[in-house]
Amino acid sequence: MNKLAKHNGSVFEFISKKGSKSIFSKGNNSGVYLDEEQIMKIKNGKYTSYSFLTHRENLPKNVVENLVVEQVNDTLRAYLIRYQYSDRYMDNLAKGVKNQRFDGTIIRTGYHTDLDALLKMEEPSSVHENLTRMTFNRVCYDINLIISYSCNSGKHFVGDDRCALSGSARAHNEYRTVTKCYNEIDYGWTPPMEQIDHIADDYLGGGGGTPPSAPAVVVNIKRERADGGATEIEDDGYIIDEIIDQITNEKIKCLHDKLRNGNNDYVKEIFSKFEGNGTEFDIVISSENKVLYEGREVNAKTTFTRGSKAIHIRISESKAVGRSALDIAKTIFHEYIHADIHRKIQTGDVSNPSDFKSVYEKYKSEREEQYQHEMMGKLYVETMRDALKKFHKEVMPQEYAYFKESYFDVSINEDVFYEVLAWQGLKEHNIDAYLEKVKKDSNFPDTVKHVEQVQKSLTQRSPCE
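Numbering (the numbering used here), first residue to last: 8 to 472.
Here it is as structure tokens:
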């Protein structure tokens, strides 16, 4: 409990008074204990949640359980949530099938303040507690999972300093999100058992003949009235912020913060579509050890599931190693543009740029990744060019000054340099806009090669170091 006490004294007191300090001890004879080594904290405004992996005797091998303690100002309460993997999922896992979609059931208890009673229950749905009646009866929630993978030896997990392996062979965590809705019932927050069809557009990993051990599952509650009107609840932190930052990599986190909080009008124009009252979609942005697309590792990926109100951006940590800070900033901005294209298409907000609708109509029959890149090539290259130039100049002024003196005033036009950066991630898809560019300027491919050589001089250090 010492680690938790240092982490959050009020949560420590809550568990000490409502439960037992021995709950973190494996040999406490109660049949259940919490893993203090893996605590996931999510903070959104006044709302904070702390999630713990629970270890319980006789828990079926296909079930993962978490205790979630929520804190809003001085109020604390807790619930349990379970992931029950289907027989089909477990059979495939035993056969060595990896990267399966989650197939099974998610169930959670109502809110509780008596941790002893909560942790001693046999089925989550059997635990109820009298709660103040809510005014809304439809509840939607994003469940953010951490999936913990051991190192290649299978002996060590994240945080175990005994592991001598390095790089991708070391233990790592991956993150996934699922959005579900259910009708709230009179006695509180216990939903019926529900079948989960998908987790966004991604996959849960597994291996070694056992189900993935998710050390934390965090539920962020987002409430809406059944009549579709605005909720009358005060902004108490339970309603999710429009941009949910789950980035854990320091370098990526720094660059995202610099983009989001800077004075770059080009960037703010895109970010503002997901911030503040009245925005239709949320951004959930995270960093992951590896991001895969069709079996290959990519710098980042943006996914959207129709019917969801969340657009997910995942940035690769392993691909960020060895890349310049400016290049990673470009990737983040590139993915936000993908998200904004999703938003425009879903909401009908197609007036800006003025030719957005006509370009979309031309390419919408293409598969999603291709039509989005076609649209970015036609509509956003200049925006990205100007945004990158302004970001470089304002956030990394010393490096910008060096490049201006060494390259921009000598061998490369400044705007062309940033335009080449903007084309990266687009030109590889043989999009019409780039082919037309090359047709008009046959020397442009040579310019690209020259810029890519100069680009190697960009610093890999983040501006926060």
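Using N, Cα and C, we set each Cβ at its ideal position, and we do this for glycine too.
- If only complete runs of 3 or more residues are kept, the stretch 55 to 105 shows the beta strand (DSSP E) at 70 to 79 and 82 to 92, in order along the chain.
- In the DSSP assignment, residue 311 is bridged to 318.
- Under the DSSP definition of a beta bridge, residue 251 partners with 291.
- Rounded to the nearest whole angstrom, the C-alpha separation of residue 395 and residue 330 is 15 Å.
- In the three-state reduction of the DSSP assignment, residue 468 falls in the coil class, being assigned neither a helical nor a strand state.
- Closest by C-alpha distance to residue 40, out of 429, 123, 458 and 345, is 123.
- Looking at the DSSP output, residue 41 bridges to 61.
- DSSP places residue 169 in the coil class of the three-state scheme, outside both helix and strand.
- No Cβ-Cβ contact shorter than 7 Å links residue 322 with residue 277.
- If you compare the alpha carbons of 169, 448, 69 and 84 with that of residue 97, the shortest gap goes to 69.
- In this structure, the straight-line span from the alpha carbon of residue 405 to that of residue 271 is close to 18 Å.
- Contact holds between the stretch 330 to 345 and the stretch 295 to 311, because three or more Cβ pairs, one in each stretch, are under 8 Å apart.
- Contact between the stretch 422 to 435 and the stretch 378 to 397 is present: three or more C-beta pairs spanning the two stretches fall below 8 Å.
- Between residue 251 and residue 291, the C-beta gap is smaller than 7 Å, which places the two residues in contact.
- Beta-carbon to beta-carbon, residue 75 and residue 56 are separated by about 6 Å, close enough to satisfy the 8 Å threshold.
- A Cβ-Cβ distance of about 4 Å is found for the pair residue 38 and residue 64, placing them in contact under the 8 Å criterion.
- In the DSSP assignment, residue 404 falls within the alpha helix (DSSP H) that extends over 404 to 410.
- The C-alpha of residue 83 is placed about 56 Å away from the C-alpha of residue 455.
- For residue 360, the closest of 387, 121 and 354 by C-alpha to C-alpha distance is 387.
- Around the beta-carbon of residue 470, 16 or more other beta-carbon atoms lie within 10 Å, marking it buried.
- Residue environment analysis places residue 460 among the exposed positions, since fewer than 16 neighbouring C-beta atoms fall within 10 angstroms of its C-beta.
- Below 8 Å, enough C-beta pairs join the stretch 377 to 387 and the stretch 429 to 440 to call them touching: three or more.
- Cβ neighbours of residue 261 within its own chain (closer than 6 Å, five residues either side excluded): 469 and 471.
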